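Novice:
There are 4 protein chains.
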Amino acid sequence: MLLDHTAKGVFAIAATPFHPDGSLDLVSLERLTDFYLAAGVSGLTILGIMGEAHKLEPEESIAVARQVIARATVPVIVGVSAPGLAAMRSLAKSAMELGAAGVMIAPPSTLRTDDQIVTYYSQAVEAIGTDVPFAIQDYPLILNVVMSTNVIRTIVNNHSSCVMLKHEDWPGLEKISTLRALQKKGEMRDISILCGNGGLFLDFEGERGADGAMTGYAFPDMLTDLVRLQQSGERDLAHDLFGAHLPLLRYEQQQNIGLAVRKYVLQKRGAIAHDTQRKPGGALSGAGKAEVDYLLARLAKYDPRARRA
Amino acid sequence: MLLDHTAKGVFAIAATPFHPDGSLDLVSLERLTDFYLAAGVSGLTILGIMGEAHKLEPEESIAVARQVIARATVPVIVGVSAPGLAAMRSLAKSAMELGAAGVMIAPPSTLRTDDQIVTYYSQAVEAIGTDVPFAIQDYPLILNVVMSTNVIRTIVNNHSSCVMLKHEDWPGLEKISTLRALQKKGEMRDISILCGNGGLFLDFEGERGADGAMTGYAFPDMLTDLVRLQQSGERDLAHDLFGAHLPLLRYEQQQNIGLAVRKYVLQKRGAIAHDTQRKPGGALSGAGKAEVDYLLARLAKYDPRARRA
Amino acid sequence: MLLDHTAKGVFAIAATPFHPDGSLDLVSLERLTDFYLAAGVSGLTILGIMGEAHKLEPEESIAVARQVIARATVPVIVGVSAPGLAAMRSLAKSAMELGAAGVMIAPPSTLRTDDQIVTYYSQAVEAIGTDVPFAIQDYPLILNVVMSTNVIRTIVNNHSSCVMLKHEDWPGLEKISTLRALQKKGEMRDISILCGNGGLFLDFEGERGADGAMTGYAFPDMLTDLVRLQQSGERDLAHDLFGAHLPLLRYEQQQNIGLAVRKYVLQKRGAIAHDTQRKPGGALSGAGKAEVDYLLARLAKYDPRARRA
Amino acid sequence: MLLDHTAKGVFAIAATPFHPDGSLDLVSLERLTDFYLAAGVSGLTILGIMGEAHKLEPEESIAVARQVIARATVPVIVGVSAPGLAAMRSLAKSAMELGAAGVMIAPPSTLRTDDQIVTYYSQAVEAIGTDVPFAIQDYPLILNVVMSTNVIRTIVNNHSSCVMLKHEDWPGLEKISTLRALQKKGEMRDISILCGNGGLFLDFEGERGADGAMTGYAFPDMLTDLVRLQQSGERDLAHDLFGAHLPLLRYEQQQNIGLAVRKYVLQKRGAIAHDTQRKPGGALSGAGKAEVDYLLARLAKYDPRARRA
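Each protein sequence line maps, in turn, to chains A, B, C and D.
The first sequence begins at 1 in UniProt numbering and counts up by one.
The second sequence begins at 1 in UniProt numbering and counts up by one.
The third sequence begins at 1 in UniProt numbering and counts up by one.
The fourth sequence begins at 1 in UniProt numbering and counts up by one.
Structure follows, in structure tokens:
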């Protein structure tokens, strides 16, 4: 089941659970996988930035991939971004052998010109093999690489194995419209566009032509509802749902401590046993936890799923 | 009426209105000043980043300052950040002579170490004079300078003329708590903390100890209501109001095109005649305008002030 | 006498002399202008980064431009880079009215994609007028903007008023070769390429096709000799001269304190009365001055001009 | 034989040799190790940036470390910088078990404030263990982290296992003087300071108090001569030697293509079989190689060791 450009819906960015001592919590990983599946996701993305991939040792990455892929009944994308192409090739090879649907590649933060970015993706494709479907991660706020629509078009047209864009530019609504227009004019191959950036503009991204979401908000069940409402044309209901969640979603979309918020809520919802992050990681203060609790209580008036949290 | 550490409430970041040909629109500037005053602001901040200060020629900056200060019945802070200290001194001198209450200074984006930041503010104070009250602008997302609480404390303690922090770090809630704790322990002089960053965390910033807001959201009347509700302890009502505005507020808080959104709404609300920005400036597409209109229509169900927009 | 693509030789980046109290030293400016002319320069570039342009007030910039242009018998290029296009237009207009041969424009450090850079230069040309000859400043180390050869080609081909590249990419030798190859193939209009970056690769830049130097090394008389030797094919002699100066030239090419070294040597050579920089500026310690003195003494064995310094 | 603060002389930054197909060339690695030893180095540093460490898979890093440590008769420092602390701990543990003298840690490029840098080194020490001697790598030009002398002092004083600074700030001479003054005043524990940055200021760094060099210039035999001359007070001879090498040394100290130059010269000198770099890596054009050959030929007139190259 390889990834292709028809992918749509919600691909949850999976957290990686740890025990309080920092070791991998594979029991929670199983529970978390089930949690995402029960939320109705169309796919999972593991070993991304929010999956703390860069804090794992290679054999741990393999262990996470093996378990999630084995358990999931949906396509699994594996993040293979690495400082060097050798490590990327190695991880991509392992992931595909384990049954991954494809991989995701973020650009290294030193890239600046259009040419540099395009060249990097050519080298990456050479490294992982032209038969491995991949998603571009376009996240300038964190990755510090700015991709113009022209650069994305070039990468897509250069590599038939490029089937997806994880869109998280900010601001990014016009980018979606521009890319879809390029497709319509036949100037760019069709790709799937799933939106990240914590979901902060998900209310309009679908309306602009995105195929869904790829983010890790601790309510993936809300994300799947939202995308369903959008795709069935229930615009006002979609915005109602989004608006009710926005205060919490916005709170979760903070640099450094955002993952602490997310793991705290996932723990409250019973999806993982501990909200531990591997070091170095941002922590949530007592005041911060109280704020999240208050937001959950407010949300529960609208969305009963927040009551259990 | 000089600025001091007791400043509180809402200091609106004033836009600078232009005619469609790019020339200053001083008639709109008068109307806009009145609009902010009618919204109940406690002060105004002019010639900041969102006031397109860097696109003005020196004599235009003076003209804007002269007119706003003359008309306003509240303290006016003038942004004097400049590539060189000579220009900063010159603008600060003019502003204070015109009756400004104080100035605001953002650090140049080349500063990196704690020492460099502290030294820069010492040089800036030497340039503008130790008798001119000033606010530090702490906005890493845009300015690319990260100030630790220790750096802020050192600047505050070094300079008795430092009376205010424009707080717009992200994430920043803990920073407010830490600074207030430093004050309480007597390790930092008292300062006013007003929050910017588009107001995206204003629901909690007041609860953490901020004295109010300094931002340019196109509904300054909502900001003054919000701060009033917070200060009178009506927590749930404050969050209700904030939550209703958050979808639009979030939409306005986008890099590059955020000012286009803000001017579009200010124009719709009758506060300025044209939504023109000086070049270079981000523009709002037709789709973008329609999205803002939709958000305004949704908001109007909760807040009737959005109906007129 | 307008600048065009045939410009060659040495355009000295002129320092701006100050009195010890930080005020403009116009007497020294006259002496310095004569010093450059006596060194055989083909042109002068004023109000660049090393001319501390960003520390001058607008009327001071005009005063400097007026005096240098009036006294110089060679073309004068005026740096007009500014945070906003209004200030750029205003300074360019004044400079051309005073008799400047053209202007130089550096990109603002926020530009990232190829499109952003190309668009910025279009807006700048619109601001200054299509009849004002200009040079692109390509200095990634300081300006933080990386221009591919394709971007430079596009700017050159878009604007017939673009007649020169101040080349100071690092590493940059291949860039010169590539640009010259583009010209030869007819894919880019002819431009003058003058090299900066402190002259650190000037021994090879001429051999790669550059037309000369645009830098502020305190021995402009060496630069003119070097370019003359290169252009007359005396390769070994050119490298001998360059090698003798390289230890000092390298010492002068240090961020922050490089200008302190340059002004110290210019003062020793009698070209300016004081080595004062406006604040903020890097200072040379006693140990640093002793090192420069030692390098000058060593250089004097090869190049007698260093004796007077 | 653990590293301590008395380390001095030249620690060569070792290249990692590859076969033309990109696989590790362990035969060349042996030859290269012998080459450095024959040059009289006091130590070796492997798996640094210039050792292409980030392009190696973990087991390859171990293989390189094992072989070099086994063969070398001098202390070997192993670079263990990694995106996450888990990988750092794991590599440090392996390296020390194999007999490394210590490790080197570069800060991740996201660190900004003094506190962030200090905290990172505390976490790193916790990860590798307090008994593993380590060197701080202070290389802002590449790593994008600026460490004040105060930050370095704090790290040194916090961790007795911090025994060395790889100094490659630019400009950096005053930093050495300041650190040595802090030691003299008893405000900082004694550490070894070895200088990198391609050796571009090595002529003065020893005079300022550095203990030697840690860089990978393709003439390590020149570096050991230079340090010896400096330490025996033969100042002029030291500068003569340095000046003769400076044109080539400067040519090698170019971002991206510098390693291509270095490997090209190492190959010509017989130290490695191929000048291959793993992708992605900068290549030297034909013109570039001819320039290096020319510089070698010029150098050979002064230093016969360049003849064999």
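Each residue gets a CB set at the ideal place from its N, CA and C atoms; glycine is no exception.
Please read these numbers as outputs of a predicted model, since none were measured by experiment.
Relative to the C-alpha of Arg180 of chain D, which candidate in D:Phe204, D:Ala210 and D:Asn197 has its C-alpha closest?
Specialist: D:Ala210
Novice: Is it right to say Met1 of chain B is buried, meaning 16 or more other beta carbons lie within 10 angstroms of its own, or is it exposed?
Specialist: Burial state of Met1 of chain B is exposed, judged by a 10 Å Cβ sphere holding fewer than 16 other Cβ atoms.
Novice: Which stretch, first to last residue, makes up the beta strand (DSSP E) that contains Lys166 of chain D?
Specialist: Cys162 to His167
Novice: Between Glu205 of chain D and chain C, is the shortest Cβ-Cβ distance under 7 Å, so that the two count as touching?
Specialist: no
Novice: Per DSSP, what kind of secondary structure is Gly282 of chain C in: helix, strand or coil?
Specialist: Three-state DSSP puts Gly282 of chain C in coil, outside helix and strand.
Novice: Along the beta strand (DSSP E) that carries Ser192 of chain D, what are the first and last residues, could you check?
Specialist: Ser192 to Cys195
Novice: Would you say Met104 of chain A and Val156 of chain A are within 7 Å of each other, going by their C-beta atoms?
Specialist: Contact flag unset, no.
Novice: Count the C-beta pairs between the region 167-177 of chain C and the region 101-119 of chain C that are closer than 8 Å, then say yes if the count reaches three, no if not.
Specialist: no
Novice: Excluding five sequence neighbours on each side, which residues of the same chain lie with their C-beta closer than 8 Å to the C-beta of Val292 of chain B?
Specialist: Leu248, Tyr251, Val261, Tyr264, Val265 and Leu284
Novice: Compute the Euclidean distance between the alpha carbons of Leu237 of chain B and Pro304 of chain B, then round it to the nearest angstrom.
Specialist: 16 Å
Novice: Taking the runs of the alpha helix (DSSP H) that are 4 residues or longer, which of them lie wholly in the region 230-307 of chain A?
Specialist: 235-252, 258-268 and 286-302
Novice: Take Ala95 of chain C as the anchor and find which of C:Asn197, C:Leu246, C:Asp25 and C:Val64 has the nearest alpha-carbon.
Specialist: C:Val64
Novice: Would Val80 of chain C and Leu91 of chain C qualify as a contact pair, given that the criterion is a beta-carbon distance under 7 Å?
Specialist: yes
Novice: List, in chain order, every chain B residue whose beta-carbon is nearer than 7 Å to that of Ser61 of chain C.
Specialist: Within 7 Å Cβ-Cβ: nothing; Ser61 of chain C doesn't reach chain B, min ~10 Å.
Novice: Examine the Cβ distances between the region 265-281 of chain A and the region 21-35 of chain A and report whether three or more of them are shorter than 8 Å.
Specialist: Yes, the region 265-281 of chain A touches the region 21-35 of chain A.
Novice: Could you confirm whether any beta carbon from chain B is found closer than 7 Å to the beta carbon of Val118 of chain D?
Specialist: no
Novice: By the criterion of Cβ-Cβ separation under 8 Å, what are the contact partners of Leu202 of chain B in chain A?
Specialist: Those within 8 Å of Leu202 of chain B in chain A number zero; the least Cβ separation is about 11 Å.
Novice: Name the residue from A:Gly288, A:Asp275 and A:Tyr302 whose alpha carbon lies nearest to the alpha carbon of Gly22 of chain A.
Specialist: A:Asp275
Novice: Check the Cβ-Cβ distances between Ala15 of chain B and every residue of chain C, and say whether any is below 7 Å.
Specialist: no
Novice: With Ile13 of chain C as the anchor, note down where its beta strand (DSSP E) starts and where it stops.
Specialist: Gly9 to Ile13
Novice: For Asn197 of chain B, return the contacting residues in chain D, with the cut-off set at a CB-CB distance below 8 Å.
Specialist: Simply none; closest approach about 18 Å.
Novice: By the 8 Å beta-carbon criterion, what residues does the region 146-179 of chain B contribute toward chain D?
Specialist: Val146, Met147, Ser148, Asn150 and Val151
Novice: How is Val151 of chain C classed by DSSP in three states: helix, strand or coil?
Specialist: helix
Novice: Exposed or buried, Lys184 of chain C, counting other C-beta atoms within 10 Å across all chains shown (16 or more means buried)?
Specialist: exposed
Novice: I need the DSSP call for Phe18 of chain D, collapsed to helix, strand or coil.
Specialist: strand
Novice: Determine the direct distance from the alpha carbon of Leu85 of chain B to that of Leu98 of chain C, and round the result to whole angstroms.
Specialist: 26 Å
Novice: Is the beta carbon of Gln137 of chain D closer than 7 Å to that of Gly198 of chain D?
Specialist: Against a cut-off of 7 Å, the Cβ pair of Gln137 of chain D and Gly198 of chain D comes out as no contact.
Novice: Check Val118 of chain C in the structure and name its three-state DSSP category.
Specialist: In the structure shown, Val118 of chain C sits in a helix (DSSP, three-state: H, G or I).
Novice: Could you tell me which of B:Asp131, B:Lys289 and B:Asp225 sits nearest to Asp4 of chain B, measuring between CA atoms?
Specialist: B:Asp131
Novice: Please name the residue, chosen from B:Gly196, B:Ala124, B:Arg153 and B:Glu207, that lies closest to Gly186 of chain B on a Cα-to-Cα basis.
Specialist: B:Arg153
Novice: State buried or exposed for Ala218 of chain A, treating a residue as buried only when at least 16 other CB atoms are found within 10 Å of its CB.
Specialist: buried
Novice: Rounded to a whole number of angstroms, what is the C-alpha to C-alpha distance between Ala290 of chain D and His245 of chain D?
Specialist: 17 Å
Novice: Asp138 of chain D versus chain B: which residues are under 8 Å apart at the beta carbon?
Specialist: None at all; the shortest Cβ gap to chain B is about 12 Å.
Novice: Do we get a CB-CB distance below 7 Å when we pair Pro280 of chain D with the residues of chain F?
Specialist: Within the model displayed, chain F is absent; protein chains A, B, C and D are what it includes.
Novice: For chain B, is any of its Cβ atoms less than 7 Å away from the one on Ser109 of chain A?
Specialist: no
Novice: Tell me which same chain residues have a C-beta within less than 7 Å of the C-beta of Ala124 of chain A, skipping the five on either side of it?
Specialist: Leu85, Met88 and Ile105
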